[in-house]
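Asks: Please read through the structure below; I'll follow up with questions.
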Amino acid sequence: DGVLAAAAFVAAISCPVAGLEVESDAGAVRLVALAFVGGLAWPIVLDRFGAYESQRRSSLSHVLSRVCLAGAIVGALIAASAAALQVPIAAGFVLICVAAQLLVISAARVVVFGTLRTLRRKGRNTRNVLIVGSGPRARDVSDVIHEHPEWGLCVIGFVDEGDFPFDGQLLQASSARRS
């Protein structure tokens, strides 16, 4: 995400609409410092919003809403850093920069999200799940997991303190799914 954000920052700098004019070496150094802020802020903010944790059970809209919220915070950080570093930028530069970063990072997330969901539906990238219990709730949990193959979870069995399941349908369901 940091590399994508830095690439989008460079693209925003070269955009004629941004109105960016660097007249001195000191201005260029400040602009590079601002680019570091713009590139490094994304991974830090996304990490704070849990974007690098498992997204198996999250919807795409939830994932993208976190990215948008992170974009708002990064935009504020870039604007504050530009003011603190006295970088001579046009008023719309921060908006153009954050929009470019948001577009690139969101597109990458959509591609990864869609690819992983497709692979999980086809039985790849799965995690094994052992359900504790053998009653009606255990069956309900198993049913919910099987209704969502895009989560990539595979129920491998049930654990209970007795020798036989409390709910006899679990034996039938478990053996039917293995066939």
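Our numbering puts the sequence shown at residues 5 to 183. Here a beta-carbon is modelled for each residue, glycine too, at the ideal position from N, C-alpha and C. Just so you know, these numbers come straight off a predicted model, no measurement behind them.
Under 8 Å, do Val71 and Ile109 count as touching if we go by C-beta distance?
Replies: yes
Asks: State the DSSP-derived secondary structure class of Asp91, mapped to helix, strand or coil.
Replies: Note that residue 91 is Val in the sequence shown, not Asp. Of the three classes helix, strand and coil, the one that applies to Val91 here is coil, per DSSP.
Asks: Can you tell me which of Leu134, Ala83 and Pro140 puts its alpha carbon nearest to the alpha carbon of Ala39?
Replies: Ala83
Asks: Have a look at Arg61 and Val163 and give me their C-alpha separation to the nearest angstrom.
Replies: 23 Å
Asks: With DSSP as the reference, please indicate the residues paired to Gly161 in a beta bridge.
Replies: Leu134
Asks: Contact defined as beta carbons within less than 8 Å: I believe Ile160 pairs with Val133. What is the distance between those atoms, to the nearest angstrom?
Replies: Between Val133 and Ile160 the Cβ distance is about 7 Å, and since that is below 8 Å, they are a contact.
Asks: Roughly how many whole angstroms lie between the Cα atoms of Arg52 and Val78?
Replies: 12 Å
Asks: Enumerate, from N- to C-terminal direction, the unbroken beta strand (DSSP E) stretches of 3 or more residues contained entirely within the stretch 28-62.
Replies: none
Asks: What are the boundary residues of the alpha helix (DSSP H) that includes Asp5?
Replies: First-last for Asp5: undefined, no H or E at that position.
Asks: In this structure, how does DSSP classify His66 when only helix, strand and coil are distinguished?
Replies: The answer is helix: DSSP assigns His66 an H, G or I state.
Asks: Specify the secondary structure class of Cys72 as computed by DSSP and reduced to three states.
Replies: helix
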